[in-house]
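Colleague: Quick one: the structure is below, questions incoming.
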Amino acid sequence: MKLSVIIPIYNEIQTIEKILKKITTVLPEVPKEIVMVDDGSKDGTRQWLVDTFGDPEQHPILANLNLAGQFQCFPLAPSAETNGDRQGHSFVMATKWEVKVIFHRQNQGKGGALRTAFAAATGDVLIIQDADLEYDPEDWEPMWKLINGGWADVVYGSRFYGNPHRVLYFHHYLGNKLITSLIDLVCNINLSDIEVCYKMFRREVLEDLRLICSDFGFEVEFTMKVTRSPRRWRIYEVGVAYYGRTFAEGKKINWRDGVKALGYIAKFWLTNA
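In structure tokens, the structure reads:
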């Protein structure tokens, strides 16, 4: 199965290169593509993406990381696919993967960036990866095993299962617990962390959803629509590490997003939209 790594990006010039280099080392035996959507960045992220991966009109491309730690890019030939890419190269190589970069002219929010990336993704399985360094791609492995092994359709990470977790804001923790508990109540489930970035899921799950949220409300919408689907998707959780940021370090979600999340819970519970 092919894995699509979905990366919404907004003003992450300090971390985007570092997280991409981490990604190249994970699950080396799995065919992968990386779909990045720059959501109107103004801090130099857009220019870095163009300088590194070239004209997005020419994408998808092949990319790898050379021994000097620099990204190298190669065009994809239009010939038939073989064992992983359209040039006959094998995806078994740990540092070679397909890349697509898409630019939003204006900021549309995380949900908007994700919908754009989902539409461009071609993998059998998708994983959402933030462009900062709050989450470690090494935690994909147990998630992948559950899906590839036929146990799960959707796998959530959870920051509350004993893995390393930076101690930060109590009001964020309380808000997350409130939102998660309300969704657990109305959907009759027992997830522990619905606001977590890491969600890995089969393509069939995505095709079953009609997503409309453009902001951080995506987390509520995705969870409620997946858990209330007539398809009865098999959902698992695994513990993941969390290297959180302060607001001074670039954290974006705030209390307003928490208030909006409560509104989204009511909306999707009452309307089943």
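Per our numbering, the sequence shown starts with residue 29, numbered consecutively. Even glycine gets a Cβ: it sits at the ideal position worked out from N, Cα and C.
1) Keeping to the same chain, check which residues put their C-beta closer than 6 Å to that of A91; ignore five residues upstream and five downstream.
2) So what does M228 bridge to, in DSSP terms?
3) In the DSSP assignment, what residue or residues form a beta bridge with Y189?
4) Look up K60 in the DSSP assignment and give the residues it is bridged to.
5) Whole angstroms are fine: how far does the CA of K50 sit from the CA of G97?
6) Are the beta-carbon atoms of G267 and L196 separated by less than 8 Å?
7) Using the Cα positions of A159 and V78, report the straight-line distance between them to the nearest angstrom.
8) Considering only the alpha carbon of each residue, which of S69, R187, C241 and Q86 lies closest to S220?
9) Between the Cα of Y226 and the Cα atoms of P103, G177, V183 and E232, which residue gives the shortest distance?
10) Do I211 and V248 have their C-beta atoms closer together than 8 Å?
11) Taking the alpha carbon of T274 as the point to measure from, which residue in V233, F198, L290 and A149 has its own alpha carbon closest?
12) Report the three-state DSSP secondary structure of P88 (helix, strand or coil).
13) Grouping DSSP H, G and I as helix and E and B as strand, with all else coil, what is E249?
14) Is Y38 buried or exposed, if buried means 16 or more other CB atoms sit within 10 Å of its CB?
Modeller: With the given structure in hand:
1) For the purposes of this step, residue 91 is identified with residue 63 of the sequence shown, where counting begins at 1. Result list for A91: F99, C101 and V127, in chain order.
2) Reading the sequence shown from its first residue, position 200 is the one you call residue 228. DSSP output for M228 lists I155 and V183 as bridge partner(s).
3) The residue given as residue 189 occupies position 161 in the sequence shown. For Y189, which the question treats as bridged, DSSP gives no partner whatsoever.
4) Translated into positions along the sequence shown, residue 60 becomes position 32. Per DSSP, L31.
5) The sequence position of residue 97 within the sequence shown is 69, counting from 1. The sequence position of residue 50 within the sequence shown is 22, counting from 1. C-alpha separation (whole angstroms): 11 Å.
6) For the purposes of this step, residue 267 is taken as residue 239 along the sequence shown, with counting starting at 1. For the purposes of this step, residue 196 is taken as residue 168 along the sequence shown, with counting starting at 1. Cβ distance not < 8 Å, so G267 and L196 don't count as in contact.
7) Your numbering for residue 159 matches position 131 in the sequence shown. Your numbering for residue 78 matches position 50 in the sequence shown. So the alpha carbons of these two residues sit roughly 16 Å apart.
8) Position 192 of the sequence shown, counting from 1, holds the residue named residue 220. Taking only the C-alpha atoms, the option nearest S220 is R187.
9) Residue numbering aside, residue 226 sits at position 198 when the sequence shown is read from its first letter. The alpha carbon of Y226 has as its nearest neighbour, out of P103, G177, V183 and E232, the alpha carbon of V183.
10) As a position in the sequence shown, residue 211 is number 183, starting the count at 1. As a position in the sequence shown, residue 248 is number 220, starting the count at 1. In this structure, I211 places its C-beta atom within 8 Å of the C-beta atom of V248.
11) Against the sequence shown, residue 274 aligns to sequence position 246. Shortest Cα-Cα distance from T274 to any of V233, F198, L290 and A149 involves F198.
12) For this step, residue 88 is matched to residue 60 along the sequence shown. In this structure, P88 counts as coil in the three-state DSSP scheme.
13) Your numbering for residue 249 matches position 221 in the sequence shown. Here E249 sits in helix by DSSP.
14) One-based indexing of the sequence shown puts residue 38 at position 10. Buried, by the Cβ-count rule.
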